[in-house]
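Student:
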Amino acid sequence: MNNPLPKKELFDIPSGIVYLDGNSLGPPLRQISRQAVEVINDEWGKDLIQAWNSANWMSMPRIVGDQIAPIIGAQPGSVAMGDTLSIKAYQALAATLELRPDRRVILSDSGNFPTDLYIAQGLIDTLDRGHKLLTPSPEDVMDMINDDVAVVYLTHVDYRTGRLHDMGAITERAHRHGAVTIWDLAHSAGAVQLAVEETRTEFAVGCTYKYLNGGPGAPAFIYIRQDIVNSIRPALSGWLGHRDPFAMAPQYDPARSTERFRIGTPPVVQFKLLHFALKIWDQISMSDIREASTRLCEQFIQEVEGRCPSLELVSPRNALNRGSQVSFESNDAYSIIQALTDQGVIGDFREPNILRFGIAPLYLDENDIVRAAQTMESVMNSECWREDRYQVKKQVT
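The numbers in our numbering rise by one with no breaks, and the one at position 273 of the sequence shown is 333.
1. Please name the residue in Gln253, Val211, Thr215 whose C-alpha comes closest to that of His235.
2. How would you call Arg316, buried or exposed, if buried means at least 16 neighbouring beta carbons within 10 angstroms?
3. Report yes if the CB atom of Ala393 is closer than 9 Å to the CB atom of Asn378, and no otherwise.
4. Helix, strand or coil: which one does DSSP assign to Thr231?
5. Along the chain, where does the beta strand (DSSP E) that runs through Gln385 open and close?
6. With Ala264 as the anchor, note down where its beta strand (DSSP E) starts and where it stops.
7. What would DSSP say about Tyr394, mapped onto helix, strand or coil?
8. Measure the Cβ-Cβ separation of Ile131 and Gly277 and say whether it is below 9 Å.
9. What's the call for Phe306, buried or exposed, on a 16-neighbour Cβ count within 10 Å?
10. Grab the span of the alpha helix (DSSP H) containing Asp176 for me, first residue to last.
11. For a quick check, are the C-beta atoms of Asn273 and Leu422 less than 9 Å apart?
12. Hey, quick one: how far does the alpha helix (DSSP H) through Ile414 stretch, first residue to last?
13. Could you work out which residue in Glu319, Trp104, Arg163, Val439 is closest to Met141 when comparing CA atoms only?
14. Express the C-alpha separation of Tyr450 and Asn391 in angstroms, rounding to a whole number.
15. Here's the rule I'm using: 16 or more other beta-carbon atoms within 10 Å means buried, otherwise exposed. How should Lys459 be labelled?
16. Kindly give me the distance between the Cβ atoms of Asn279 and Asp143, rounded to whole angstroms, as I take these residues to be in contact under 8 Å.
17. Classify Asn62 as helix, strand or coil using the three-state DSSP reduction.
18. Who are the Cβ neighbours of Leu159 in its own chain at under 6 Å, not counting the five residues just before and after it?
19. Under 8 Å, with one C-beta from each stretch per pair, do the region 366-385 and the region 399-406 reach the 3-pair mark?
20. Leaving out five residues on either side along the sequence, give the residues of the same chain with a beta carbon under 8 Å from the beta carbon of His237.
21. Opposite Pro314 in the DSSP bridges: which residues?
22. Candidates Gly222, Tyr283, Asp203, Ala255: which alpha carbon is nearest Gly228's?
23. Do Gly222 and Val386 have their C-beta atoms within less than 9 Å of each other?
24. Could you compute how far the alpha carbon of Glu363 sits from the alpha carbon of Ala432?
25. Grouping DSSP H, G and I as helix and E and B as strand, with all else coil, what is Ile429?
26. Suppose you measure from the CA of Leu194 to the CA of Ala337; what does that come to, to the nearest Å?
27. Which stretch, first to last residue, makes up the alpha helix (DSSP H) that contains Phe360?
28. So what does Met141 bridge to, in DSSP terms?
29. What number of angstroms, rounded off, separates the C-alpha of Met346 from the C-alpha of Gln253?
30. Excluding the 5 residues flanking Val405 on each side, which residues of the same chain have their C-beta closer than 6 Å to its C-beta?
31. In chain order, what residues of the same chain lie with their CB nearer than 6 Å to the CB of Arg382, ignoring the 5 residues before and after it?
32. By DSSP, does Ser259 sit in helix, in strand, or in coil?
33. Taking just the CA atoms, how far does Arg189 sit from Trp112?
34. Cα-Cα, which of Pro310, Gln135, Met440 is closest to Glu365?
35. Compute the distance between the beta-carbons of Arg416 and Ser84, then report whether it is under 9 Å.
36. Tell me the start and end of each unbroken alpha helix (DSSP H) in the region 89-159 that is at least 4 residues and wholly inside, in chain order.
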């Protein structure tokens, strides 16, 4: 079967490269550099400060938020943009603890991304109210949800293994016990079908530089369920979250909308590039994305297991329990990834021993999967990864 999403020609991927690292950083669209030049030369260069109005700079967070909304199953106006995922996670977590002031348990899991856990640890220390962070194994989260839990704070797709939490079931159980939920969608948005509004989760946060291809440093997003948004006073209260930012009032009066979660001046060039990158999703069905990624993941697993028996699959074998990435284990994972990269197949490494491959059907097809597996077989059989140059870890792994 051919890929039903023939968008590969829209991406600027170097010739000869099979790019399996979109779960870490998506590739650029071919026309993205033209957009950057337009923003810098035509908008900034010609209109100078007037471009805040003439080029709609100040409205970009709202415009882009409304582009993100359908991708995650939300309504227009429910997604605020800006800053980094870490900051948006902090805003969400601080808000949930205020929503449940009589509870002290933050329930996460041992597979959560470290920054999410660090934010919880730091907030616990800052508040000094006796909160505690619990991190059971992902499989035990459901059983740990009880009436003591203030917030269930999870990453939807495990960044190492690709394990997929059941967002609907966990959110329903959390609500049954009076807890609030936050979902980190870093490895979900643009990769799997999402329905944050249907599941009734209070908060979701995510980044846009992975499967959404917004570029390095692209702004993050936060979704807030609309029936609670005006009852929350953001912990990080910035001037652009004010009801009337240019009144320059000395006292904070939050906007009567999701806009209250904006903080500071938006990075315009990044927003403009993200706005352009997201246009590709206007004509794409997330169900088609999920169908194609599932098929390509299955093909990749079969090809690699058949050709490289020494690599052990650590991602769930059942596609229903897996996001859009496939991970294998090896004691020599880092060196193998470096050797693969030199031969034109780009994945990445995660501690302690994981080879991680993102499967993005917007720019990957069956031929790419076969070539990647063949290259892996060649690297494993030749043992070229043993070369000294592949043993020293780089700053970014």
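We put the CB at the ideal spot given by N, CA and C, even for glycine.
Fair warning: this is a prediction, and the values are worked out from it, not measured in the lab.
Tutor: Reading from the atomic positions:
1. Locating residue 235 in the sequence shown gives position 175, where the first residue counts as 1. For the residues Gln253, Val211, Thr215, the minimum Cα distance to His235 belongs to Val211.
2. For the purposes of this step, residue 316 is taken as residue 256 along the sequence shown, with counting starting at 1. Its Cβ having fewer than 16 others within 10 Å, Arg316 is exposed.
3. Along the sequence shown, one-based indexing puts residue 393 at 333. Along the sequence shown, one-based indexing puts residue 378 at 318. The answer is no: Cβ separation not under 9 Å.
4. For the purposes of this step, residue 231 is identified with residue 171 of the sequence shown, where counting begins at 1. When DSSP states are grouped into helix, strand and coil, Thr231 belongs to the helix group.
5. Position 325 of the sequence shown holds residue 385. Segment 385-389, the beta strand (DSSP E) holding Gln385.
6. Residue 264 sits at position 204 when you count from the first residue of the sequence shown. That run of the beta strand (DSSP E) goes 263-266.
7. For the purposes of this step, residue 394 is identified with residue 334 of the sequence shown, where counting begins at 1. Three-state result, Tyr394: helix.
8. As a first step, residue 131 is located in the sequence shown; it is residue number 71 there, counting from the start. As a first step, residue 277 is located in the sequence shown; it is residue number 217 there, counting from the start. Result no, Cβ atoms of Ile131 and Gly277 do not sit closer than 9 Å.
9. Taking the first residue of the sequence shown as position 1, residue 306 is located at position 246. Burial call: exposed.
10. On the sequence shown, position 116 is the one that residue 176 refers to. 174-187 is the extent of the alpha helix (DSSP H) around Asp176.
11. Numbered from 1 along the sequence shown, position 213 holds the residue referred to as residue 273. Numbered from 1 along the sequence shown, position 362 holds the residue referred to as residue 422. In this structure, Leu422 lies closer than 9 Å to Asn273 by Cβ.
12. Within the sequence shown, residue 414 is the residue found at index 354, counting from 1. Per DSSP, Ile414 belongs to no alpha helix (DSSP H); it is in the beta strand (DSSP E), 414-418.
13. Along the sequence shown, one-based indexing puts residue 141 at 81. Closest by alpha carbon: Glu319.
14. Here residue 391 is taken as the residue at index 331 of the sequence shown, counted from 1. Here residue 450 is taken as the residue at index 390 of the sequence shown, counted from 1. C-alpha separation (whole angstroms): 14 Å.
15. For the chain, the structure presents residues 61 to 457; residue 459 sits outside this window and is missing.
16. Locating residue 279 in the sequence shown gives position 219, where the first residue counts as 1. Locating residue 143 in the sequence shown gives position 83, where the first residue counts as 1. In the sequence on display, residue 279 carries Pro and not Asn. Indeed, because the Cβ distance is near 7 Å, the residues count as touching under 8 Å.
17. Looking up residue 62 in the sequence shown gives position 2. A caution first: Asn62 carries a pLDDT of 49, below 50, which makes its placement in the model unreliable, though a value can still be read off. Asn62 falls in the coil class under three-state DSSP.
18. One-based indexing of the sequence shown puts residue 159 at position 99. Contacts found: Val240.
19. no
20. The residue labelled residue 237 in the question sits at position 177 within the sequence shown. Non-local beta-carbon contacts of His237 in its own chain, meaning distances under 8 Å to residues more than five positions away in sequence, involve Ile205, Asn206, Asp207, Val209 in chain order.
21. In the sequence shown, the residue the question calls residue 314 occupies position 254. According to DSSP, Pro314 bridges with His302.
22. The sequence position of residue 228 within the sequence shown is 168, counting from 1. When only C-alpha atoms are compared, the closest one is Ala255.
23. Taking the sequence shown and counting its residues from 1, one reaches residue 222 at position 162. Taking the sequence shown and counting its residues from 1, one reaches residue 386 at position 326. A contact, by the Cβ cut-off of 9 Å.
24. Taking the sequence shown and counting its residues from 1, the one referred to as residue 363 is at position 303. Taking the sequence shown and counting its residues from 1, the one referred to as residue 432 is at position 372. Whole-angstrom Cα-Cα distance: 9 Å.
25. Taking the sequence shown and counting its residues from 1, one reaches residue 429 at position 369. Of the three classes helix, strand and coil, the one that applies to Ile429 here is helix, per DSSP.
26. In the sequence shown, the residue the question calls residue 194 occupies position 134. In the sequence shown, the residue the question calls residue 337 occupies position 277. Spanning the two alpha carbons is a distance of roughly 38 Å.
27. Taking the first residue of the sequence shown as 1, we reach residue 360 at position 300. Unbroken alpha helix (DSSP H) run through Phe360: 346-367.
28. Start at 1 with the first residue of the sequence shown, and residue 141 comes out as number 81. Beta-bridge pairing links Met141 to Phe281.
29. By one-based count along the sequence shown, residue 346 stands at place 286. By one-based count along the sequence shown, residue 253 stands at place 193. Met346 and Gln253 have their C-alpha atoms roughly 6 Å apart.
30. Walking along the sequence shown from the start, residue 405 turns up at place 345. Val78, Ala432, Thr435, listed in sequence order.
31. Here residue 382 refers to the residue found at position 322 when the sequence shown is read from its first residue. Correct list, in chain order: Gly222, Leu224, Ser375, Pro376.
32. Position 199 of the sequence shown, counting from 1, holds the residue named residue 259. The sequence as given places Thr at residue 259; Ser does not occur at that position. Here DSSP, grouped into helix, strand and coil, assigns Thr259 to helix.
33. Residue 112 sits at position 52 when you count from the first residue of the sequence shown. Residue 189 sits at position 129 when you count from the first residue of the sequence shown. Taking the straight line from one Cα to the other gives about 43 Å.
34. By one-based count along the sequence shown, residue 365 stands at place 305. For the residues Pro310, Gln135, Met440, the minimum Cα distance to Glu365 belongs to Met440.
35. What you label residue 416 is simply residue 356 of the sequence shown in a count that begins at 1. What you label residue 84 is simply residue 24 of the sequence shown in a count that begins at 1. Cβ atoms of Arg416 and Ser84: closer than 9 Å.
36. Whole alpha helix (DSSP H) segments, 4+ residues: 92-97, 111-114, 120-132, 145-159.
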